[in-house]
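Number of protein chains: 2
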Amino acid sequence: MTTKASVFIATSLDGFISRLDGNIDWLDQANTAVPNGEDCGYKAFMETVDVIVMGRNTFEQVLTFGEWPYEDKQVVVLSRKGLVVPDGIRKTVSVSSEVLELLVERLSSEGAQHLYVDGGQTIQSFLSAGLLSDLTITVIPILLGTGKPLFGSIKSDVVLTHLSTQAYTFGFVQSKYRIAKDA
Amino acid sequence: MTTKASVFIATSLDGFISRLDGNIDWLDQANTAVPNGEDCGYKAFMETVDVIVMGRNTFEQVLTFGEWPYEDKQVVVLSRKGLVVPDGIRKTVSVSSEVLELLVERLSSEGAQHLYVDGGQTIQSFLSAGLLSDLTITVIPILLGTGKPLFGSIKSDVVLTHLSTQAYTFGFVQSKYRIAKDA
């Protein structure tokens, strides 16, 4: 399989991607210090992505943003139950209850070369299944103490290869790691 | 109070300072990739430290290392119960059950200008008490999934100021943050 699956996400220094209720007010607040036009590589990353895979929670949170931010990018929402996709985005958003390995195989066979895996639980599931290729984590200079963690329990250690780190003048630190594939 | 209290510690990318049983085999393994003579700033940091403050767990783990690594540096072990300090290190190691604020005040009045706060629980207690000045965290490129976390719950967000980040060729990423003192 040559399809890559990447994580591109921001966390607090203590490893949370949102508060327990999903709130990212702390991230919005931190982003006010980011100069106009600086996106910490997000747009360049998105340009390499064919399909976004996210969990139901993330999807429902994105819907609350009002405007759908992914334009005509293909999005797969993981959900075991049915899920109502609003009319305006039905052309690009599908719902899947496939086993992750089969989902990745299908998307790969359909030509997808690069998946963007988003949302805490979805990231953890991909990681546990050994399906992630790399992680780009942007650490925000704040401690929350509690929230939804980026990482969860895993069966065994996952050794990473550090690829690059960039510290921004506004205090964000972005590191990219490659995940060794199981032999 | 002008006495600084610093954290200088290594964590896995998922924020653990040791496995649940205190084992740091993963850190020892990662350190085999570090070139001879490279200590990621530890010696330079230690030269600025007057007193090391650690918890009982950390103390007992350090004792298992065989040779006492802190030479003639003053060490305070936090323990509410009594604690037997081995003969060889009684000149420099004391045990304290003081409230942290009072401990810091006393050490300060005795001339200490820089405390090195070590051990997960002790770090969390200092952080909760608003007594930490800065954090130097060296992130090791591995996910453990479980273990003793560096950070724990806190009463409210702690906003940090990013001071510097250094990425090493062997994959460690060290970031230093200042903690804003409560007004």
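Protein chains in written order, with my numbering: chain A, -9 to 173; chain B, -9 to 173.
Don't be surprised by glycine CBs; every beta carbon is placed ideally from N, CA and C.
Check	Outcome
Quick one: what's R96/B bridged to in DSSP?	BP columns for R96/B are empty, so no partner.
Exposed or buried, what is T126/B when buried is set at 16 or more other beta-carbons lying within 10 Å of its beta-carbon?	buried
With 8 Å as the C-beta to C-beta threshold (strictly closer), list the residues of the segment 37 to 51 of chain A near chain E in chain order.	Any reference to chain E falls outside this structure, whose protein chains are A and B.
Near P139/A, what residues of its chain come up, given a Cβ to Cβ distance below 8 Å and the 5 sequence neighbours on each side ignored?	G5, F6, I7, G110
Could you please tell me which residues of the segment 152 to 164 of chain B, in chain order, have their CB closer than 8 Å to any CB of chain A?	H152, S154, T155, A157, G161, F162, V163
Rounding to the nearest angstrom, what Cα-Cα distance links S115/B and A0/A in this structure?	26 Å
Let's test the definition: count the other Cβ atoms within 10 Å of the Cβ of A(-5)/A and tell me whether it reaches 16, buried, or not, exposed.	buried
Count the other CB atoms, across all protein chains shown, that sit within 10 Å of the CB of F(-2)/A; report buried if there are 16 or more and exposed otherwise.	buried
According to DSSP, simplified to helix, strand and coil, what is G110/B?	helix
Report the residue from R9/A, Y32/A, L97/A whose alpha carbon sits nearest the alpha carbon of V41/A.	L97/A
Taking three-plus beta-carbon pairs below 8 Å as touching, is the segment 143 to 154 of chain A in contact with the segment 80 to 95 of chain B?	no
My output table needs one value for A102/B: the three-state DSSP class, helix, strand or coil.	coil
Under 9 Å, CB to CB, which of the residues in the segment 60 to 81 of chain A have a partner in chain B?	none
Can you list the residues of chain B that S8/A reaches, using a CB-CB cut of under 9 Å?	By Cβ distance, chain B contributes nothing, its closest Cβ being about 13 Å from S8/A, past 9 Å.
With DSSP collapsed to three states, give me the class of A20/A.	helix
Between P131/B and chain A, is the shortest Cβ-Cβ distance under 8 Å, so that the two count as touching?	yes
Could you check what DSSP says for A34/A in three-state terms: helix, strand or coil?	helix
Just tell me which of G161/B, R168/B, L122/B has its CA closest to the CA of L90/B.	L122/B
Kindly indicate which three-state DSSP category S146/B falls into: helix, strand or coil?	coil
Can you check which of these residues, H152/A, D108/A, P131/A, is closest to Y60/A by C-alpha distance?	D108/A
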